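Chemist: If you scroll down you'll find the structure; I have some questions about it.
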Amino acid sequence: MTEEVQPRHIADGKRPLVSVIVPCYNEEESLPLLYEKLAELMDAEREYRWEVLFIDDGSRDATLPQLRKMCAEDRRLGFVSLSRNFGKERAMLAGFDHVRGDCAVIIDADLQHPPHLIPEMLRHWQEGYDDVYARRTSRGKESWLRRRLSLLYYRLLQRTTRIEVLQNVGDFRLLDRKCIDALRELRETERYTKGMYCWIGFRKYEIRFEQGDRAAGTSSWNFWSLLGLAIEGITSFTTAPLRLSTLFGACTSVAAFLYMCYVLVKTLIMGDPVRGFPTLLITVLFLGGIQLLSIGIIGEYLGRIFYETKKRPVYVVKEHAQSEA
Ligand code: UDP
Ligand code: MG
Numbered sequence: 004m005t006e007e008v009q010p011r012h013i014a015d016g017k018r019p020l021v022s023v024i025v026p027c028y029n030e031e032e033s034l035p036l037l038y039e040k041l042a043e044l045m046d047a048e049r050e051y052r053w054e055v056l057f058i059d060d061g062s063r064d065a066t067l068p069q070l071r072k073m074c075a076e077d078r079r080l081g082f083v084s085l086s087r088n089f090g091k092e093r094a095m096l097a098g099f100d101h102v103r104g105d106c107a108v109i110i111d112a113d114l115q116h117p118p119h120l121i122p123e124m125l126r127h128w129q130e131g132y133d134d135v136y137a138r139r140t141s142r143g144k145e146s147w148l149r150r151r152l153s154l155l156y157y158r159l160l161q162r163t164t165r166i167e168v169l170q171n172v173g174d175f176r177l178l179d180r181k182c183i184d185a186l187r188e189l190r191e192t193e194r195y196t197k198g199m200y201c202w203i204g205f206r207k208y209e210i211r212f213e214q215g216d217r218a219a220g221t222s223s224w225n226f227w228s229l230l231g232l233a234i235e236g237i238t239s240f241t242t243a244p245l246r247l248s249t250l251f252g253a254c255t256s257v258a259a260f261l262y263m264c265y266v267l268v269k270t271l272i273m274g275d276p277v278r279g280f281p282t283l284l285i286t287v288l289f290l291g292g293i294q295l296l297s298i299g300i301i302g303e304y305l306g307r308i309f310y311e312t313k314k315r316p317v318y319v320v321k322e323h324a325q326s327e328a
């Protein structure tokens with residue numbers, strides 16, 4: 004890193020407030036385990052004040068009653084409960100809107116993100132970095148296909164977007180207040196937060212960690228939701244697919260024109276009777292396919308415009324309990 008960073012200035016005697024954002028969807032089994040680890044951490048790191056904000060993303064199990072109980076017992080905890088399941092991306096925005104810390108750490112409830120890395124993140128934050136993100140060195144138990152697809156996807160995204168979306172970097176990161184405020188300005192309803200971290204800029208620092216397996220429960224992502232997120236990533240950060248269909252259209256037209264000249268010359272000069280039913284069929288089908296694909300691509304963007312122009316709130320809060328920090 005060549006960029007110069009200045010150590011963060013913290014007024015004498017003032018302990019910075021660190022917020023921890025935990026999006027939870029059906030995490031009743033993981034919560035006690037996570038709380039145990041976080042409490043240990045908060046008790047050890049006394050030079051900071053702490054606040055943990057759980058975002059209950061419309062869980063269907065006992066997550067909410069459990070959060071109520073936990074928050075009543077430990078005043079450093081608070082929660083925001085959303086009126087239904089809005090998805091992790093939106094739950095995180097709810098977190099950004101409700102935390103009060105000088106910096107915030109986003110962490111999964113399922114303990115795939117080790118809390119013991121937080122002190123290291125805080126150290127780099129003190130050094131002056133604004134966004135300390137954790138990169139996975141292993142992805143835990145994941146199928147070979149999912150791993151390959153993910154790799155392919157990031158390559159594609161990297162090539163087509165002007166901003167750099169980092170591979171194997173998830174939402175486990177520490178953000179300075181400046182970053183949180185910047186992210187709160189990005190209020191699109193179809194969100195791809197991973198790209199937003201890159202889009203907002205600021206000084207970044209990378210640390211590495213081994214991602215373990217879920218402590219309990221199952222991942223709420225399936226193939227289709229991941230595919231949806233992948234398309235989201237592309238359509239929200241680049242218009243390259245549109246350009247690609249323009250380019251393809253132009254190339255096909257030029258090729259068709261040249262072919263027409265060729266056929267014309269051949270017929271006029273050599274008197275060749277026009278044949279070639281299969282060629283015709285192939286061409287028509289091929290072009291039909293390309294046209295439908297292009298319409299689909301335009302549709303993806305149009306759909307996004309449709310959702311964004313409604314200007315609906317990104318999430319709706321059902322219940323809120325603030326921590327005492
Ligand atoms: N999550 C959420 N809303 C959802 C899905 C997931 O808040 O609709 C939370 C979930 O409780 C967990 C985190 O997002 O804390 C990551 O989810 P998960 O472990 O299912 O994803 P994976 O680790 O497989 O990427
Ligand atoms: Mg997980």
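In this note's numbering, the protein residues as written are 4 to 328.
Ideal Cβ placement from N, Cα and C applies to all residues, glycine included.
From a predicted model like this one, the values you see are computed outputs, not experimental measurements.
Using three-state DSSP, classify S141 as helix, strand or coil.
Modeler: DSSP places S141 in strand when its eight states are reduced to three.
Chemist: Going by the C-beta, is P118 closer than 6 Å to any heavy atom of the ligand UDP?
Modeler: Outside the cutoff, so no.
Chemist: What are the boundary residues of the alpha helix (DSSP H) that W147 is part of?
Modeler: Looking at the DSSP string, the run of the alpha helix (DSSP H) that includes W147 is 147-163.
Chemist: Distance, Cα to Cα, C27 vs G104?
Modeler: Between C27 and G104, the C-alpha separation is close to 20 Å.
Chemist: Using the rule of at least 16 other Cβ atoms within 10 Å of the residue's Cβ for burial, across every protein chain shown, is I24 buried or exposed?
Modeler: I24 should be labelled buried.
Chemist: Which one of A112, L283, L189, E193 has the shortest CA to CA distance from D174?
Modeler: Nearest option by C-alpha distance: A112.
Chemist: If I follow the unbroken alpha helix (DSSP H) through R93, where does it start and stop?
Modeler: 91-101 is the span of the alpha helix (DSSP H), which, as asked, contains R93.
Chemist: Taking C-beta to C-beta, are A185 and I203 nearer than 7 Å?
Modeler: The answer is yes: Cβ separation under 7 Å.
Chemist: Answer yes or no: the CB of D60 versus the heavy atoms of the ligand UDP, is any distance below 6 Å?
Modeler: D60: yes, Cβ under 6 Å from the ligand UDP.
Chemist: I want to know whether the segment 186-196 touches the segment 92-108 - three or more CB-CB distances under 8 Å.
Modeler: Yes, the segment 186-196 touches the segment 92-108.
Chemist: Assess, as a yes-or-no matter, whether the segment 218-238 is touched by the segment 247-258 under the definition of 3 or more beta carbon pairs within less than 8 Å.
Modeler: The segment 247-258 vs the segment 218-238: no contact.
Chemist: Only counting runs of 4 or more residues, tell me where the alpha helix (DSSP H) segments fall wholly within the segment 161-191, in order along the chain.
Modeler: Fully enclosed alpha helix (DSSP H) runs of 4 or longer: 180-188.
Chemist: Do L114 and L37 have their C-beta atoms closer together than 7 Å?
Modeler: For L114 and L37, yes; Cβs fall inside 7 Å.
Chemist: Between which residues of its own chain and N171 is the CB-CB distance below 6 Å, once the five residues before and five after are set aside?
Modeler: Closer than 6 Å at the Cβ level, and outside the excluded window around N171, lie R138, R139.
Chemist: Quick one, which of M73, L120, R211, E191 has its alpha-carbon nearest S141's?
Modeler: Comparing Cα positions, the closest option is R211.
Chemist: Under three-state DSSP, which class holds K17?
Modeler: The answer is coil: DSSP assigns K17 none of H, G, I, E or B.
Chemist: I need the straight-line Cα distance from R246 to L230, nearest angstrom please.
Modeler: The straight-line gap from Cα to Cα measures roughly 21 Å.
Chemist: Buried or exposed: N29, going by 16 or more other Cβ atoms within 10 Å of its Cβ?
Modeler: So N29 ends up on the buried side.
Chemist: Around the ligand MG, what residues have a beta-carbon under 7 Å from a heavy atom of it, in chain order?
Modeler: Cβ atoms closer than 7 Å to the ligand MG belong to D111, D113, Q115, R217, S222.
Chemist: Report the rounded CA-to-CA distance for R206 versus L160, giving the unit in angstroms.
Modeler: Their backbone Cα atoms lie some 22 Å apart in a straight line.
Chemist: Exposed or buried, what is P244 when buried is set at 16 or more other beta-carbons lying within 10 Å of its beta-carbon?
Modeler: Result: buried.
Chemist: Output the residue ranges of the alpha helix (DSSP H) runs that lie fully inside the segment 208-289 and measure 4 residues or longer, sorted by chain position.
Modeler: Runs found: 226-240, 243-273.
Chemist: Going by DSSP in three states, E7 sits in which element: helix, strand or coil?
Modeler: E7: coil per DSSP, three-state reduction.
Chemist: Ignoring anything shorter than 3 residues, give me the beta strand (DSSP E) runs that lie fully in the segment 66-93, in order along the chain.
Modeler: Those beta strand (DSSP E) runs which fall completely within the segment 66-93 and span 3+ residues are 80-85.
Chemist: Express the C-alpha separation of T164 and L34 in angstroms, rounding to a whole number.
Modeler: Answer to the nearest angstrom: the Cα atoms are 37 Å apart.
Chemist: With a cut-off of 8 Å on the beta carbons, I'd call E54 and V8 a contact; round off their distance for me.
Modeler: Incorrect: roughly 25 Å between the Cβ atoms, too far for contact.
Chemist: Count the other CB atoms, across all protein chains shown, that sit within 10 Å of the CB of Y265; report buried if there are 16 or more and exposed otherwise.
Modeler: By the 10 Å Cβ count, Y265 comes out exposed.
Chemist: Count Cβ pairs between the segment 36-51 and the segment 114-130 that sit closer than 8 Å; are there 3 or more?
Modeler: The answer is yes - the segment 114-130 touches the segment 36-51, with three or more Cβ pairs under 8 Å.
Chemist: Under a three-way DSSP split, which group does Y38 fall into?
Modeler: DSSP places Y38 in helix when its eight states are reduced to three.
Chemist: Can you list, in chain order, the residues of its chain whose CB lies under 8 Å from that of R307, leaving out five sequence neighbours each side?
Modeler: If we look at R307 and ignore the five residues flanking it on each side, its Cβ neighbours are E193, T238, S239.
Chemist: Considering only the beta carbon of each residue, do A107 and I183 sit closer than 7 Å?
Modeler: In contact: A107 and I183 (Cβ atoms closer than 7 Å).
Chemist: Any heavy atom of the ligand UDP closer than 6 Å to the CB of A94?
Modeler: Yes, the Cβ of A94 comes within 6 Å of a heavy atom of the ligand UDP.
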